[in-house]
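Participant: Structure in structure tokens, see below.
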Amino acid sequence: MATVPVLSVNNLEVVYDDVVLVLRGLSLDVPDGSIVALLGANGAGKTTLLRAVTGLLVAHRGKITKGTVTVGGDDLTGADPADVVRRGVAQVMEGRRIFAEMSVEDNLRAGGHSRKRAEYREDVTRVYDLFPLLAQRRRGTAGYLSGGEQQMLAIGRALMARPKLLLLDEPSLGLAPRLVEQVRDIVVQINGQGTSVLLVEQNAVMALSIASYGYVLEVGKVVRDGPAAELLDDEDIREFYLGSTPDSGRRSFAEVKSYRRKKRWSA
Amino acid sequence: MTTFLTNVFAGLALGSTYALVALGFVVIYKSTGVINFAQGGLLALGAYLGYTFADNLAIAFAVSILLACAAAAIVGASVERLVLRRMVGQPPFAVIMITIGLLFVIEPLITAIWGFDNLPLANPWNIQTVEVGGLVLGVRDLWTIGITAAVVVAFFLFFRYTRMGLAMRATAFDPEAALAQGISARRVYATSWAIAAALAALAGITLAAGPGGLSPSISFIALAAFPAMILGGLDSPAGAVLGGVIIGLAEALTRGYQDQLFSWAGANVSLIVPYLLMIVILLIRPYGLLGTKDVRRI
Numbered sequence: 000m001a002t003v004p005v006l007s008v009n010n011l012e013v014v015y016d017d018v019v020l021v022l023r024g025l026s027l028d029v030p031d032g033s034i035v036a037l038l039g040a041n042g043a044g045k046t047t048l049l050r051a052v053t054g055l056l057v058a059h060r061g062k063i064t065k066g067t068v069t070v071g072g073d074d075l076t077g078a079d080p081a082d083v084v085r086r087g088v089a090q091v092m093e094g095r096r097i098f099a100e101m102s103v104e105d106n107l108r109a110g111g112h113s114r115k116r117a118e119y120r121e122d123v124t125r126v127y128d129l130f131p132l133l134a135q136r137r138r139g140t141a142g143y144l145s146g147g148e149q150q151m152l153a154i155g156r157a158l159m160a161r162p163k164l165l166l167l168d169e170p171s172l173g174l175a176p177r178l179v180e181q182v183r184d185i186v187v188q189i190n191g192q193g194t195s196v197l198l199v200e201q202n203a204v205m206a207l208s209i210a211s212y213g214y215v216l217e218v219g220k221v222v223r224d225g226p227a228a229e230l231l232d233d234e235d236i237r238e239f240y241l242g243s244t245p246d247s248g249r250r251s252f253a254e255v256k257s258y259r260r261k262k263r264w265s266a
Numbered sequence: 000m001t002t003f004l005t006n007v008f009a010g011l012a013l014g015s016t017y018a019l020v021a022l023g024f025v026v027i028y029k030s031t032g033v034i035n036f037a038q039g040g041l042l043a044l045g046a047y048l049g050y051t052f053a054d055n056l057a058i059a060f061a062v063s064i065l066l067a068c069a070a071a072a073i074v075g076a077s078v079e080r081l082v083l084r085r086m087v088g089q090p091p092f093a094v095i096m097i098t099i100g101l102l103f104v105i106e107p108l109i110t111a112i113w114g115f116d117n118l119p120l121a122n123p124w125n126i127q128t129v130e131v132g133g134l135v136l137g138v139r140d141l142w143t144i145g146i147t148a149a150v151v152v153a154f155f156l157f158f159r160y161t162r163m164g165l166a167m168r169a170t171a172f173d174p175e176a177a178l179a180q181g182i183s184a185r186r187v188y189a190t191s192w193a194i195a196a197a198l199a200a201l202a203g204i205t206l207a208a209g210p211g212g213l214s215p216s217i218s219f220i221a222l223a224a225f226p227a228m229i230l231g232g233l234d235s236p237a238g239a240v241l242g243g244v245i246i247g248l249a250e251a252l253t254r255g256y257q258d259q260l261f262s263w264a265g266a267n268v269s270l271i272v273p274y275l276l277m278i279v280i281l282l283i284r285p286y287g288l289l290g291t292k293d294v295r296r297i
């Protein structure tokens, strides 16, 4: 391998409450400077993987029982969340999770908690350049922003930590199609500025359209991976995640032969 | 009129003490979601430490106050570090029981070291008074009000403008999201306990400098500050201060007009007024005067 991947997860096993095995030997790489998409249905373990990387498992009584997480070659398995952020990994959590009672600017200040005081000006200017709308409403209460604006704030807040790797958990969730496009463009732009992105999405078309590589997760394991274009063309992926039928015509439920085809790659 | 103003003044002084204790309750509740029943114990401990510094070691009173607050802060942070940190992620109920247990550990500890006797805390205020426009004001009360006001302002500036204050607000609002920003929850918890303990110690010393002197029962004041916290809103620092002042005023005024207005209710009716007030206000505003209703887009 020529360069060290910015994130490398090897054979990871995660258990909740000492009994519930959620990740079962999961491995993936995020090459430096790329966008990698992580697809999977609800409960496949996508969010758990992100928590395992950022150290947030503690808050959910989860534990890494096997495997390693390395960031830029350094072992960060089970590290403290604050350490992970300082090492350059920031996460945009599912559901945005902005600090609704605080002002937009205070949200961004909180995002820059791991940075030195002197760097704040520069960091916040960078975020406001990316999201001019947030600059306009910097004194406003974050909770009164619209859903799309809140998502932008959540992304901006994560960028305040100047991450080399950005973990995005379902950024398009609950947004109108036009806003989804906007989020997609922002992700491309952030990536263009040199930040690698691990994009967790249910919206597979959106994710694969900007990613260079994709992984498909099912019950805690990677069941399929490949270049994004290849996954987009894959017949099974098309059917299970993109909702289109092979011949792209209307499906007649009279001929439900397709059930014969294996719906799960694992099992 | 003079009687009224004298009573109001006494109420403000008493309310200041309540405000300090209630603020301590709120700081811990906000960041950790736990009501710290050991607050009264920390208050007594701070007052006794102040006594040791001022009387036994003959350190200047002002310095003794600072030392006692610092020592109490260290005790508070250590309690968090040694006991409560292990309870992170456990149900609040269990943690609250631990704080009650702590109270019962701290009190015998205090009597073992300092005994049960009522100790006089040497202080420069004693029973001096100043007269302002026909109004006789106790010097101690003036200082109590002044120090409390200064500390409360300092607290709000800290909470509003510093990095740590911001981290505490973020953790209070959404602990997990705060963690994800690289905010160390441990530092926030320890700081909250340190602040609460220092506030309690300050309240304890100003109280012990008063006519009651210093005895182990000084910790009961925390129970009286309880309605102040609830009344103001469990999660609102400003509410704690407001609640403290209201309760203090209500108590002092009831006591002042006991003979004229409340003789039918028997002596010491002023002691139940705080709780009556708390019940009435909770009936009207269940989240307290300034407690938060969620900011939410609908």
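So the protein lines, in turn, are chains A and B.
Using numbering that gives the first Met the number 0, the letters of the first sequence correspond one by one to residues 0 to 266.
Using numbering that gives the first Met the number 0, the letters of the second sequence correspond one by one to residues 0 to 297.
Don't be surprised by glycine CBs; every beta carbon is placed ideally from N, CA and C.
The structure presented is a predicted model; accordingly, all values stated were derived computationally and were not measured.
(1) Please decide whether residue 98 of chain A counts as near chain B, where near means a Cβ-Cβ distance under 8 Å.
(2) Along the stretch 155 to 170 of chain B, what residues have a CB closer than 8 Å to any CB found in chain A?
(3) Where does residue 145 of chain A sit, in a helix, a strand or coil, going by DSSP?
(4) In this structure, does DSSP put residue 194 of chain A in helix, strand or coil?
(5) What does a CB cutoff of less than 6 Å around residue 231 of chain A pick up in its chain, not counting 5 residues either side in sequence?
(6) To the nearest angstrom, report how far apart residue 257 of chain A and residue 47 of chain A are at their CA atoms.
(7) For residue 113 of chain A, name the three-state secondary structure that DSSP assigns.
(8) Hey, quick one: how far does the beta strand (DSSP E) through residue 90 of chain A stretch, first residue to last?
(9) Specify the secondary structure class of residue 2 of chain A as computed by DSSP and reduced to three states.
(10) Have a look at B/27, B/2, B/10 and flag the residue whose alpha-carbon is nearest the alpha-carbon of residue 241 of chain B.
(11) If we cut at 8 Å on Cβ distances, does residue 105 of chain A have a partner in chain B?
(12) Taking only beta-carbon atoms, is residue 175 of chain B less than 8 Å away from chain A?
(13) So residue 178 of chain B and residue 105 of chain A are supposed to be a Cβ contact under 8 Å. How far apart are they, rounded?
(14) Tell me the rounded alpha-carbon separation between residue 185 of chain A and residue 176 of chain A.
(15) On the DSSP bridge assignment, give the partners of residue 34 of chain A in chain order.
(16) Determine contact between the stretch 152 to 171 of chain B and the stretch 72 to 91 of chain A, defined as no fewer than three beta-carbon pairs at a distance below 8 Å.
(17) Can you check whether the C-beta of residue 179 of chain B is within less than 8 Å of a C-beta belonging to chain A?
(18) List the DSSP bridge partners of residue 68 of chain A.
(19) Using Cβ-Cβ distances below 7 Å, what residues of the stretch 67 to 89 of chain A are close to chain B?
(20) With distances taken Cα to Cα, identify the nearest neighbour of residue 4 of chain B among B/116, B/25, B/133, B/54.
(21) If you draw a straight line from the C-alpha of residue 101 of chain A to the C-alpha of residue 206 of chain B, how long is it?
(22) For residue 178 of chain A, tell me which candidate among A/147, A/44, A/51 has the shortest Cα-Cα distance.
(23) Just checking my contact of residue 226 of chain B with residue 246 of chain B at CB under 8 Å: how many whole Å lie between their CB atoms?
(24) List the residues that DSSP assigns as beta-bridge partners of residue 226 of chain A.
(25) Among residues of its own chain, excluding the 5 on either side of residue 37 of chain B, which ones have a beta-carbon nearer than 6 Å to its beta-carbon?
(26) Would you kindly check if the distance between the Cβ of residue 15 of chain B and the Cβ of residue 345 of chain B is under 8 Å?
(27) Could you pull out every residue in the same chain whose Cβ sits closer than 8 Å to the Cβ of residue 96 of chain A, ignoring the five residues on either side in sequence?
(28) Using the Cβ count rule (16 or more neighbours within 10 Å means buried), how would you classify residue 262 of chain B?
(29) Could you say which of A/41, A/211, A/115, A/124 lies nearest to residue 240 of chain A if we only look at CA atoms?
(30) Does the stretch 195 to 211 of chain B come close enough to the stretch 111 to 125 of chain B that 3 or more CB-CB pairs lie under 8 Å?
(31) By alpha-carbon positions, which one of A/50, A/21, A/87 ends up nearest to residue 70 of chain A?
(32) With a cut-off of 8 Å, does the C-beta of residue 101 of chain A fall near any C-beta of chain B?
(33) Using a beta-carbon distance cut-off of less than 9 Å, what residues from the stretch 26 to 55 of chain A approach chain B?
(34) Can the beta-carbon of residue 59 of chain A be found less than 8 Å from the beta-carbon of residue 180 of chain B?
(35) Any idea if residue 147 of chain B is buried or exposed, counting beta-carbon neighbours within 10 angstroms, 16 or more meaning buried?
(36) For the alpha helix (DSSP H) containing residue 30 of chain B, list its first residue and its last residue.
Facilitator: Walking through what the data contain:
(1) By this cut-off, residue 98 of chain A is an interface position.
(2) Flagged, chain order: 162, 165, 166, 168, 169.
(3) Coil, per DSSP.
(4) Residue state, collapsed to three classes: coil.
(5) Closer than 6 Å at Cβ, skipping near neighbours: 207.
(6) In this predicted model, residue 257 of chain A has a pLDDT of only 45, less than 50, meaning its place in the structure is not dependable enough to derive any value.
(7) Residue state, collapsed to three classes: coil.
(8) Here the beta strand (DSSP E) through residue 90 of chain A covers 88 to 91.
(9) Correct three-state label for residue 2 of chain A: coil.
(10) Residue B/10 is the option with its Cα nearest to residue 241 of chain B.
(11) Taking Cβ atoms only, chain B reaches closer than 8 Å to residue 105 of chain A, which makes this a yes.
(12) Residue 175 of chain B counts as touching chain A.
(13) With 8 Å as the limit, residue 178 of chain B and residue 105 of chain A do not qualify as a contact, their Cβ atoms being about 17 Å apart.
(14) Counting only the Cα atoms, residue 176 of chain A lies some 14 Å from residue 185 of chain A.
(15) As a beta-bridge residue in DSSP terms, residue 34 of chain A pairs with A/196.
(16) At 8 Å Cβ cutoff, the stretches do not touch.
(17) Closer than 8 Å to some Cβ of chain A, the Cβ of residue 179 of chain B qualifies, so yes.
(18) Paired residue(s): A/8.
(19) Cβ contacts with chain B: 80, 81, 84, 85.
(20) Of the candidates B/116, B/25, B/133, B/54, B/133 places its Cα closest to the Cα of residue 4 of chain B.
(21) Roughly 36 Å separates the two Cα atoms.
(22) Of A/147, A/44, A/51, the residue nearest in Cα terms is A/147.
(23) Between residue 246 of chain B and residue 226 of chain B the Cβ distance is about 6 Å, and since that is below 8 Å, they are a contact.
(24) Bridge partners of residue 226 of chain A according to DSSP: A/212.
(25) Correct list, in chain order: 98, 101, 102.
(26) Because chain B here runs from 0 to 297, residue 345 of chain B falls outside it and cannot be looked at.
(27) 153, listed in sequence order.
(28) Residue environment for residue 262 of chain B: exposed (fewer than 16 other C-beta atoms within 10 angstroms of its C-beta).
(29) Shortest Cα-Cα distance from residue 240 of chain A to any of A/41, A/211, A/115, A/124 involves A/41.
(30) Between the stretch 111 to 125 of chain B and the stretch 195 to 211 of chain B, the count of Cβ pairs shorter than 8 Å is three or higher; the stretches touch.
(31) Residue A/87 is the option with its Cα nearest to residue 70 of chain A.
(32) Cβ-Cβ to chain B under 8 Å: yes for residue 101 of chain A.
(33) Along the stretch 26 to 55 of chain A, the positions whose C-beta sits under 9 Å from a C-beta of chain B are 53, 54, 55, read in chain order.
(34) Cβ atoms of residue 59 of chain A and residue 180 of chain B: not closer than 8 Å.
(35) Under a 10 Å Cβ-count criterion, residue 147 of chain B is classified as buried, with 16 or more other Cβ atoms of the shown protein chains found around its own Cβ.
(36) For residue 30 of chain B, the enclosing alpha helix (DSSP H) starts and ends at 1 to 31.
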